[in-house]
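In the order they appear, the protein sequences are chains A and B. With the first letter of the first sequence counted as 1, position 451 gets the number 451 in UniProt numbering; the numbers rise by one all the way through. With the first letter of the second sequence counted as 1, position 87 gets the number 87 in UniProt numbering; the numbers rise by one all the way through. In this text, a Cβ means the ideal position worked out from N, Cα and C, and glycines have one as well.
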Amino acid sequence: MATESNSEVEKCDEVDRISDLPDSLLCHILSFLQTKQTVATTTLSTRWKPVWTMVPSLDFQDTAERQQNQGDNHGNNDLNMMFTQFVCRVLALREPVPLKKFRLLLNPYYFIDPTHLHTWISYAIGHHVEEIHLFRVRTRSQPLELPPSLFSCKSLKTLMVHGEIIVNCPSSIHLPNLLCLGLLRIKYTNEESFHRLLNGSPNLLKLIVWRYQQDNMISFNISHPTLRLFFFDNQVQDPRFRLELNAPSLKHLLLWDRNCHGYLLHNVTNIIQANMFNLCEHGNFCHCILKLLSVLPNVQSLTLRYNKSLGPGFYLPMFNNLRSLQLKVKCCKWLILLNLLQSAHNLETLTLNKMDVEGPHESCWIEPLQVPKCLESRLQNFYFVRFSFLDHELELVKYILKNAQVLKTMGIHNGVSNWEEEFLIRWEMLDFPRGSLTCQLEFLTVEPGWICPWDR
Amino acid sequence: MKFCTVKQYFDDENNNNVTNGIATTVIPLPNKHLKIKANNKEMEQYEQELLRNVMPQELTKLILAANYLNFKEALDFFCRTVANAIQNKSVDYVRKFFGLESDFEPGEEEKLCKEFAWSFEGVDED
């Protein structure tokens, strides 16, 4: 008898509870899903039928893998039409509730119609949108212009645009609440357009600019009082290129460039984190990198990546606040390490991240005459990525193990696949004298991860 | 945590959702959250655990509790957990997960599927 009544009770508990939640909470759940999914809930039951129309965000992601020539299933044209129809219908049937986020992540085979883009963006603007994300915009002919009304959208906090877009910023621009701006691989009608956009966003915190093609810009003048993060990825080779940066509030700087000349940074002493990826090959490379480093006296975390070899015997400023340093360099090209160790007395974490294990191999470690101060009292973590068991690499490891008095972790990541050699050397390393009693020697199999720098 | 609301929550006799079980899960949350907020992996594990131990019905009560207590992080966390559980799943799966039954007129469901065709393109069947 007891089991029977139990199963009765269980049956009662099986009754749908989620649908008992008020519309606002169901919408909150759905707001974490793509629109493709939220609209599908309309077929769950009659109670669920209208819920999707009140979700305060729209996230259209057309990421399904397609082939150049679709087989027996829907052809690319059919799929594109289905997508367009879907978006139009959703916008037509949606309740007139505010829209916090509008995202379009388009399929590589989808070519957007300019009138559709205008209508859809205008819809978002008309519903007090706070975030607009447009990714992989492709057109059949000219790059698309964004609707002028976008540039006076008072509610806009984030704007990320990527693809075949051209920014023609009107003089009436006013984006008082824009905090994050991403201009990824797009073009500008002229230099004035870019600068108008920047000046028309007085409270901007994050600026991300990726240049992969000629975009009608030669000189960038980035003068902004509130900017906190600037990520500039420049893949365009142009000897006329200039970038002048004047940003007293800047804390995070990411500069990825093939042209290391042409940069003029002033008033950036508040930078605490800098990532400089410099793949330039020309002669003045050394001078440029030093010029950049000299304007970062207060930096706390520095990542430097370069291809050419930086020789010794040049003057490095002191980096008294540098706590974390990562060098991403080709094999045997880390001669600068010695200078950095001597300039950064308070260094706590050091990562030597080799990009490859290619030769020709030449020594780049010279034992310093005096033990660097950071080793004596500060260095806690040292990571060596793609260690290839070269003599000078072993010397470095030995030196640090011996002299780093407060070292907690040394992580060695193997860059070669000769297991025998690795085993023998690991064995040998365990015997190296250690200056720090608490030091753990770890052999990593996975590269320490790289966190997306602008998710802060 | 807003302690006055918590006290009110327990004192409120009209609130039928008060059970000891819910209270013991929600109340220790702030500390757990602060601890694991920084670590994404741990969050994922906690989420998996939550799904395994807590039936969808219990999750509903947690959502209501978090909403009543005005505890935004917990509310977002629980809602996101439900969302992740039904992400990319077919309508039948979601119905089973929520313990729902379709109460549409015959033919109405097909009409909706046709109207929003792209929504049902390429969804995995569980």
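Do residue i and residue j have their CB atoms nearer than 8 angstroms?
i             : j        : result
LEU179/A      : LEU204/A : yes
PHE135/A      : VAL167/A : no
ASN270/A      : PRO297/A : no
LEU352/A      : PHE384/A : yes
ASN259/A      : PHE232/A : no
CYS286/A      : LYS333/A : no
LEU316/A      : LEU350/A : no
residue 457/A : LEU30/A  : Since the first residue of chain A shown is 1 and the last is 456, residue 457/A is not available in this structure.
LEU292/A      : LEU265/A : yes
ASN320/A      : HIS345/A : yes
PRO56/A       : CYS88/A  : no
LEU197/A      : ILE165/A : no
GLU348/A      : LEU369/A : no
LEU175/A      : LEU156/A : yes
THR53/A       : ARG94/A  : yes
ARG211/A      : ASN234/A : yes
LEU100/B      : SER45/A  : yes
ASN77/A       : ARG66/A  : no
What residues from chain B crowd round residue i, counting only those whose CB sits closer than 8 angstroms?
i        : result
VAL55/A  : Those within 8 angstroms of VAL55/A in chain B number zero; the least Cβ separation is about 11 angstroms.
ASP257/A : Result: empty, since nearest Cβ-Cβ is about 31 angstroms, beyond 8 angstroms.
ALA64/A  : GLU121 and GLY122
THR349/A : What THR349/A touches in chain B: nothing, since even the nearest Cβ is about 17 angstroms away.
THR46/A  : ASP103 and PHE104
ILE412/A : Within chain B, no residue comes near ILE412/A; the closest Cβ sits about 23 angstroms away, beyond 8 angstroms.
SER19/A  : PHE98 and LEU100
ARG89/A  : GLU115 and PHE116
ALA92/A  : Correct list: empty, because the minimum Cβ distance to chain B is about 11 angstroms.
PHE86/A  : PHE116, ALA117, TRP118 and SER119
Anything in chain A within Cβ reach of residue i, meaning under 9 angstroms, just list it in chain order.
i       : result
GLN45/B : Simply none; closest approach about 17 angstroms.
GLN87/B : PHE32, LEU33, GLN34 and GLN37
LYS74/B : The displayed chain sequence assigns Ala, not Lys, to residue 74/B. In chain order: nothing, as chain A lies at least about 12 angstroms away.
So with CB distances below 7 angstroms, who are the chain B contacts of residue i?
i        : result
PHE83/A  : TRP118
ILE29/A  : CYS79, VAL82 and ALA83
LEU25/A  : ILE63 and ASN67
ILE112/A : Chain B residues near ILE112/A: none, gap ~15 angstroms exceeds 7 angstroms.
ALA274/A : Going along chain B, no residue has its Cβ under 7 angstroms from ALA274/A, so there is no contact; the nearest lies around 23 angstroms.
LEU404/A : Looking at the sequence shown, residue 404/A is not Leu but Ala. In chain order: nothing, as chain B lies at least about 27 angstroms away.
So what does residue i bridge to, in DSSP terms?
i        : result
ASP391/A : ASP391/A is not bridged to any residue.
ARG385/A : The identity of residue 385/A in the sequence shown is Val, whereas the question assumes Arg. For VAL385/A, which the question treats as bridged, DSSP gives the partners ASN353/A.
THR158/A : GLU131/A and CYS180/A
ASP257/A : ASN234/A and ASN278/A
GLY163/A : VAL137/A
GLN380/A : DSSP output for GLN380/A lists no bridge partner at all.
HIS361/A : Paired residue(s): none; HIS361/A is not in a bridge.
LEU243/A : PHE220/A and TYR263/A
HIS252/A : LEU229/A and GLN273/A
TYR306/A : ASN278/A and VAL329/A
LEU292/A : DSSP, once it has assigned bridges, lists no residue as partnering LEU292/A.
PHE443/A : ILE412/A
SER171/A : Note: SER171/A sits in no beta bridge, so no partner.
SER301/A : GLN273/A and SER324/A
Within 8 angstroms (strictly less), CB to CB, does residue i reach chain D?
i       : result
THR43/A : Judged by its chain identifiers, the structure shown contains no chain D, and its protein chains are A and B.
Check the Cβ of residue i against every Cβ in chain B and list those closer than 9 angstroms, keeping chain order.
i        : result
ALA124/A : Under the 9 angstroms cutoff, chain B gives no residues; its nearest Cβ is about 19 angstroms from ALA124/A.
ALA344/A : Per Cβ cutoff of 9 angstroms: no residues; ALA344/A is ~26 angstroms from chain B at best.
Report task. Please go through the stretch 61-142 of chain A and give each complete alpha helix (DSSP H) segment of 4 or more residues, from N-terminal end onward. Result -> Listed in chain order, the complete alpha helix (DSSP H) runs (minimum 4 residues) inside the stretch 61-142 of chain A are 76-93 and 114-126.
Requested in this report: Pick out the complete alpha helix (DSSP H) segments inside the UniProt domain "SKP1 component dimerisation" (75-118) of chain B, 4 residues or longer, and give them in chain order.
Outcome: Runs found: 91-98 and 108-115.
Report task. Would you list, in chain order, the members of the stretch 92-119 of chain B that have their beta-carbon closer than 8 angstroms to a beta-carbon of chain A? Result -> Per Cβ criterion, the list reads VAL94, ARG95, PHE98, GLY99, LEU100, GLU101, SER102, ASP103, PHE104, GLU109, LEU112, CYS113, GLU115, PHE116, ALA117, TRP118 and SER119.
Requested in this report: Tell me the start and end of each unbroken beta strand (DSSP E) in the stretch 398-435 of chain A that is at least 3 residues and wholly inside, in chain order.
Outcome: Qualifying beta strand (DSSP E) stretches, in chain order: 409-414.
Requested in this report: Taking a Cβ distance cut-off of 9 angstroms, strictly less, list which residues of the stretch 58-72 of chain B are near chain A, in chain order.
Outcome: Result list: GLU58, LEU59, THR60, LYS61, ILE63, LEU64 and ASN67.
Report task. Taking only runs that begin and end inside the stretch 175-210 of chain A, name each unbroken alpha helix (DSSP H) of 4 or more residues, in chain order. Result -> With a minimum length of 4 residues, the continuous alpha helix (DSSP H) runs that stay inside the stretch 175-210 of chain A are 191-199.
Report task. Just list the beta strand (DSSP E) runs in the stretch 309-349 of chain A, keeping only unbroken ones of 3 residues or longer that don't cross its boundaries, in chain order. Result -> Qualifying beta strand (DSSP E) stretches, in chain order: 324-329.
Report task. With 8 angstroms as the C-beta to C-beta threshold (strictly closer), list the residues of the stretch 239-257 of chain A near chain B in chain order. Result -> So nothing in the stretch comes that close.
Query raised in the report: Can you list, in chain order, the stretches of the beta strand (DSSP E) that have 3 or more residues and sit fully within the UniProt domain "F-box" (15-63) of chain A?
Result: For the UniProt domain "F-box" (15-63) of chain A, whole beta strand (DSSP E) runs of length 3 or above, ordered along the chain, are 57-61.
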